[in-house]
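Everything on this sheet refers to the single structure shown next.
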Amino acid sequence: MHYRSLPAHVGAAVAAWPTGTVTRLERLANRHPASALVLLHLGLARIADGKTSAARAAWRQALARDPNSQPAVQAESLLYPAFAPGRPPFVPSFAVPASVARRSPPRQLAALARGAGGGVRGKLLYGSALQRLGRSVSAEREFAAAARVAPDNAEAQTAAAVGLFSKANPALAFSRLGPLAPRFPRSQSVRFHLGELLLWIGQLKRARQELQLASAVSHKTVLGSTARQFLTQLSSK
Numbered sequence: 002m003h004y005r006s007l008p009a010h011v012g013a014a015v016a017a018w019p020t021g022t023v024t025r026l027e028r029l030a031n032r033h034p035a036s037a038l039v040l041l042h043l044g045l046a047r048i049a050d051g052k053t054s055a056a057r058a059a060w061r062q063a064l065a066r067d068p069n070s071q072p073a074v075q076a077e078s079l080l081y082p083a084f085a086p087g088r089p090p091f092v093p094s095f096a097v098p099a100s101v102a103r104r105s106p107p108r109q110l111a112a113l114a115r116g117a118g119g120g121v122r123g124k125l126l127y128g129s130a131l132q133r134l135g136r137s138v139s140a141e142r143e144f145a146a147a148a149r150v151a152p153d154n155a156e157a158q159t160a161a162a163v164g165l166f167s168k169a170n171p172a173l174a175f176s177r178l179g180p181l182a183p184r185f186p187r188s189q190s191v192r193f194h195l196g197e198l199l200l201w202i203g204q205l206k207r208a209r210q211e212l213q214l215a216s217a218v219s220h221k222t223v224l225g226s227t228a229r230q231f232l233t234q235l236s237s238k
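In the working numbering, the protein residues as written are 2 to 238.
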């Protein structure tokens, strides 16, 4: 059978497990060395084959060579299992316009991309959408652009900080986000995202404190209600 797409080749190799799976994925990795999709599954196959060090090497390559992809985010989660899976998302305090939300996902993304040229809110919404697709590098660029356009906007500065998060160096995001708390003492976004990032790295006590502060600003907002959901989950731990 002839498989035309790279995902199809990967799927065929995985489906054949254990017959030749690792070898086939290694060949695909040689032909497509910058594909996080291939490297992610190569690592998974190596783990199943008992080759932990080689698996981690493949995941590190996925993250380094193809960082702006969902498979790279998945590889990062496998490399750092002590952290929550995925990346902590920036959560805007405002919703996507109804005229955009009712469209199909591809049309939504296209509309948000066009809207990113229209100001801070557009950039934040587009960056948030890119994050959900696993395109962390592109999201970080949008958030950084929003922060440059609006240096005194707490939400834009918060987004830029959240966009810097990585599991290899979470301190970078905290070094940008932490100083925003005294600078914007009434910002629910700052407190919420501090709590979220702390939650992601497993600092539950401090996360609870920040989320309580965020919820206290208002529990009726998107951020307030999400903070309360996190707090409810924490109370069961």
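Glycine included, C-beta positions come from ideal geometry on N, C-alpha and C.
If you follow the alpha helix (DSSP H) that residue i is in, where does it begin and where does it stop?
i, result
"Ala85", "Ala85 -> no alpha helix (DSSP H), and no H or E assigned at all."
"Asn31", "22 to 32"
"Ile202", "It is not in any alpha helix (DSSP H) - Ile202 carries neither H nor E in the DSSP assignment."
"Thr159", "155 to 164"
"Lys124", "121 to 133"
"Phe144", "137 to 150"
"Pro8", "7 to 16"
Counting only the same chain and skipping the five closest in sequence on each side, list residues whose C-beta sits under 6 Å from that of residue i.
i, result
"Leu173", "Leu165"
"Val101", "Gln109, Ala112"
"Gly123", "Gly116, Ala117"
"Asp257", "The question about residue 257 has no answer here: the residues shown for the chain are numbered 2 through 238."
"Val163", "Phe91, His194"
"Arg66", "Ala35"
"Ser129", "Phe91, Pro93"
Under the three-state reduction of DSSP, which class applies to residue i: helix, strand or coil?
i, result
"Gln234", "helix"
"Ser176", "helix"
"Ser216", "helix"
"Arg57", "helix"
"Phe241", "Since the first residue of the chain shown is 2 and the last is 238, residue 241 is not available in this structure."
"Ser188", "coil"
"Arg229", "helix"
"Gly51", "coil"
"Ser105", "coil"
"Ser78", "helix"
"Pro68", "coil"
"Val92", "coil"
"Pro19", "coil"
Using 8 Å for Cβ pairs, my map puts residue i next to residue j. What's the rounded Cβ distance?
i, j, result
"Phe193", "Val92", "7 Å"
"Leu235", "Arg209", "5 Å"
"Leu198", "Leu178", "7 Å"
Is residue i near residue j, with beta carbons less than 8 Å apart?
i, j, result
"Phe185", "Ala161", "no"
"Ala83", "Leu64", "no"
"Ala37", "Pro72", "yes"
"Arg25", "Ala14", "yes"
"Val39", "Val11", "yes"
"Leu181", "Gly196", "no"
"Glu27", "Leu43", "yes"
So, for residue i: in the same chain, excluding its five sequence neighbours on each side, which residues have a beta-carbon less than 7 Å away from its beta-carbon?
i, result
"Arg47", "Val23, Ala55, Ala56, Ala59"
"Asn69", "Arg136, Ser137, Val138, Ser139"
"Val121", "Ala147, Val150, Ala151, Asn154, Ala157"
"Tyr127", "Leu113, Ala114, Gly116, Ala117, Glu143"
"Gln62", "Leu40"
"Leu131", "Ser139, Ala140, Glu143"
"Gly225", "Gln189, Ala215, Ser216, Val218, Ser219"
Might you give, ordered along the chain, the residues of its own chain that have their beta carbon closer than 8 Å to the beta carbon of residue i, omitting 5 neighbours on each side?
i, result
"Thr227", "Val92, Phe193"
"Arg133", "Pro90"
"Val223", "Val92, Pro93, Ser94, Phe95, Ala96"
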